[in-house]
Amino acid sequence: MQFSSAGSSDPDGDAITYAWDFTTNGSTDSTAANPSFTYTTNGEFTATLTVRDSTGRTSTASVVIGVGRPTVALNQPLNGRLFNFGDAIPFQVTVTDPNAPTIDCSRVRVNYILGHDSHGHPMTSATGCSGTIQTTVDGEHDANANIFGVMVAEYTPVGSTTPVTSPQAVMQPRTRQAEHYSGQSGTTVVAKPSANGGSAIGYIENGDWISFNPYNLSGTTSFTARVASAGVGGTISLRTGSATGPVIGTATVAPTGGWETWADVTGTVTAPAGAQNLFLVFTGGAGSLFDLDAFTFGAGTPPQNGNLALNKPATASSVESDAYPASAAVDASATTRWASAFSDPQWIQVDLGQTYNIDRVRLVWEAAYGSAYQIQTSANGTTWTTVRSVTGGNGGEDDNTALGASGRYVRINGTARGTAWGYSLFTFEVFGGGTPPQQPTNVALNKPATASSVEAAAYPASAAVDASATTRWASAFSDPQWIQVDLGQTYNIDRVRLVWEAAYGSAYQIQTSANGTTWTTVRSVTGGNGGEDDNTALGASGRYVRINGTTRATAWGYSLFTFEVYGS
1 MQFSSAGSSD
11 PDGDAITYAW
21 DFTTNGSTDS
31 TAANPSFTYT
41 TNGEFTATLT
51 VRDSTGRTST
61 ASVVIGVGRP
71 TVALNQPLNG
81 RLFNFGDAIP
91 FQVTVTDPNA
101 PTIDCSRVRV
111 NYILGHDSHG
121 HPMTSATGCS
131 GTIQTTVDGE
141 HDANANIFGV
151 MVAEYTPVGS
161 TTPVTSPQAV
171 MQPRTRQAEH
181 YSGQSGTTVV
191 AKPSANGGSA
201 IGYIENGDWI
211 SFNPYNLSGT
221 TSFTARVASA
231 GVGGTISLRT
241 GSATGPVIGT
251 ATVAPTGGWE
261 TWADVTGTVT
271 APAGAQNLFL
281 VFTGGAGSLF
291 DLDAFTFGAG
301 TPPQNGNLAL
311 NKPATASSVE
321 SDAYPASAAV
331 DASATTRWAS
341 AFSDPQWIQV
351 DLGQTYNIDR
361 VRLVWEAAYG
371 SAYQIQTSAN
381 GTTWTTVRSV
391 TGGNGGEDDN
401 TALGASGRYV
411 RINGTARGTA
421 WGYSLFTFEV
431 FGGGTPPQQP
441 TNVALNKPAT
451 ASSVEAAAYP
461 ASAAVDASAT
471 TRWASAFSDP
481 QWIQVDLGQT
491 YNIDRVRLVW
501 EAAYGSAYQI
511 QTSANGTTWT
521 TVRSVTGGNG
531 GEDDNTALGA
541 SGRYVRINGT
551 TRATAWGYSL
561 FTFEVYGS
């Protein structure tokens, strides 16, 4: 470590000398002004500098140095995420402790704090490396106050009573009062009895702005602003990074007829990745444009209510006769029905017309029912995913809830009849709504890749990220070796998929980095057997991702056909 005595001086101008004690043992380890020192053992040390002038007067300064200290990362919730007070928030913590190869999660605690202006009120906590924590308000703060959520994780190492803490994650309420900005230009906070909380942002003119930090808008598709205008109106633009940064959403404000006449205006949001400094930039004609009371971020496309399958195109593997078509199961009639041939298996499916999140499928059987069947979904009507398997059915009404699925097509695939007849349904209903979030993509595709070595020029690191199943990276025949990819920006990383050639790693680490220099191990794999390794639920973030091979499984090196990274 490099130490500095910068700032040390004698008020009388006398010459001064330096004595450094790096190891808290009372002896002088260096007399240089700016020495370096290498700690060879883990532990906590107090480095002390004693400065002495020519008359013997001294002054000291100390700093605590942690060598091999644990690191604590709060992977979830993400910094800047949106929430509503009362939500149960999932958390995930990663601890690296050089002195404890296995982390005891009972020594990890996550604290929920109610943030208020520039201070916080501890509310509740939970123990463990993962779980959920219930958010609350203490009842002493108005809903329109400048309140927000804060999460922080701590880990107490074995043999210590002093916890090591993570950086905090700020959670932003979905509805924000405009006057609670962190920065502004040109605006004024004005008293408004009709505004929520009694205040609003007023005297807004062309080019003025307010800002808030941090905001992570992942999954957000819309925003609503509460405005009033007896002026000319204008536009609210959401920008990231600065008042001239990329536009991620806009809403048009028309005159409302008065400065106390409030109306809601809405706009769409194209959410960027990661936590951002959020700017609301106001533009329009001359003079005062409008006043802004508050703004609210929505969560995805509003769900559509009701039965999504109603009168949608339905088909089946067979019908008993023309009197019992597949369409009769989705027509909302309690007297018409679909009936199949008298054999197994049989299916009926419905085309919803577009992709939906699907949470519930309700069936009402005729006397010929399915004792065993699968609920399946598909994006294309060809490839099917079984989201629930039912056995031991006894007919009547089957209300299948909490499916947590998505798809355009929904199929009931009967595998065992309950009677000698076929399958027969009076009712086939599907409930859900909303377009599902965009699925994660391979953010490593064709991004710059480097490696510790290559077996030959024919096997470059870039071959592992080119989406080809025939090209590959291969390393030198020694341990350790690594390959890494620069994603170009920071992503939340949930999954890393590897496809090995015959020369595979039996032990390796998945690591992430913000700068390509300092690395965090997010997963250690041992006992690998080659082929495909699909590492999911990583809960990490970073710009750089590295596969750090520590043990080869063969006499050759490490060789990857595929190195994929999925995130948002």
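Residue numbers for the sequence shown, in full-length UniProt numbering: 1 to 568. Using N, Cα and C, we set each Cβ at its ideal position, and we do this for glycine too. Since we're looking at a predicted model, the values are computed, not measured.
Does the Cβ of residue i lie closer than 8 Å to at least one heavy atom of the ligand ATP?
i: C129; result: As for the ligand ATP, it is missing from this structure, which has no ligand bound.
Hey, how far is the Cα of residue i from the Cα of residue j?
i: L82; j: M171; result: 6 Å
i: G241; j: V281; result: 12 Å
i: V443; j: A464; result: 13 Å
i: W209; j: Y215; result: 16 Å
i: Y155; j: I113; result: 17 Å
i: Q439; j: Q376; result: Reliability of the predicted coordinates at Q439 is poor, the pLDDT of 49 falling under 50, and the value obtained from them is presented with this limitation in mind. Approximately 19 Å, taken between the alpha carbons.
i: D29; j: D12; result: 27 Å
i: S321; j: L403; result: 32 Å
i: A328; j: F426; result: 7 Å
i: G395; j: F428; result: 13 Å
i: R337; j: G353; result: 22 Å
i: T441; j: A271; result: 15 Å
i: E366; j: P325; result: 14 Å
i: S199; j: S211; result: 17 Å
i: S506; j: F477; result: 14 Å
i: N84; j: A169; result: 15 Å
i: S5; j: L49; result: 8 Å
i: T520; j: Q511; result: 5 Å
i: S468; j: A474; result: 15 Å
i: T136; j: H116; result: 13 Å
i: S9; j: P35; result: 17 Å
i: G233; j: G183; result: 23 Å
i: I547; j: A458; result: 20 Å
i: T518; j: R411; result: 49 Å
Which term fits residue i, buried or exposed, when burial requires 16 or more other beta carbons within 10 angstroms of its beta carbon?
i: D291; result: buried
i: N305; result: Its pLDDT being 43, under 50, N305 is placed unreliably in this model, and the value from its coordinates should be taken loosely. N305 is exposed by the Cβ-count criterion.
i: H119; result: exposed
i: A314; result: buried
i: Q349; result: buried
i: T221; result: buried
i: T252; result: exposed
i: M151; result: buried
i: E397; result: exposed
i: R57; result: exposed
i: L289; result: buried
i: D14; result: exposed
i: N446; result: exposed
i: G86; result: exposed
i: A451; result: buried
i: L310; result: exposed
i: N492; result: buried
i: Q134; result: exposed
Mind checking whether residue i and residue j have CB atoms under 9 Å apart?
i: L538; j: V496; result: yes
i: T71; j: V95; result: yes
i: W347; j: G298; result: no
i: G528; j: A503; result: no
i: I368; j: A334; result: Here residue 368 turns out to be Ala, not Ile, going by the sequence shown. Not closer than 9 Å, so no.
i: L74; j: P167; result: yes
i: N380; j: R388; result: no
i: G422; j: S513; result: no
i: V499; j: E532; result: yes
i: Y356; j: G407; result: yes
i: S453; j: Y409; result: no
i: N144; j: Q177; result: yes
i: R417; j: G370; result: yes
i: residue 569; j: T296; result: This structure does not reach residue 569, given that the chain is present from 1 up to 568, and the question cannot be answered.
i: N196; j: R226; result: yes
With residue i as the anchor, note down where its beta strand (DSSP E) starts and where it stops.
i: Y566; result: 559-567
i: E154; result: 147-155
i: Y324; result: Looking at the DSSP string, Y324 is not in any beta strand (DSSP E), and its letter there is neither H nor E.
i: T487; result: Rather than Thr, the amino acid found at residue 487 in this sequence is Leu. Per DSSP, L487 belongs to the beta strand (DSSP E) from 481-500.
i: W20; result: 16-21
i: W209; result: 209-215
i: T386; result: 385-390
i: V64; result: 58-67
i: R523; result: 520-525
i: R174; result: That residue, R174, is in no beta strand (DSSP E); it is neither H nor E in DSSP.
i: V281; result: 276-283
i: V532; result: Rather than Val, the amino acid found at residue 532 in this sequence is Glu. 532-535 is the span of the beta strand (DSSP E), which, as asked, contains E532.
Consider the Cβ of residue i: report whether some Cβ of chain D lies at a distance smaller than 9 Å.
i: N515; result: Structure shown: chain D not included; a single protein chain is present.
Problem - Minimum length 3: unbroken beta strand (DSSP E) runs contained in the region 78-128 - result: 88-96, 108-116, 119-127
Handout entry: Runs of beta strand (DSSP E) lying entirely within the region 202-261, each at least 3 residues, in chain order
Key = 209-215, 222-229, 234-240, 247-253
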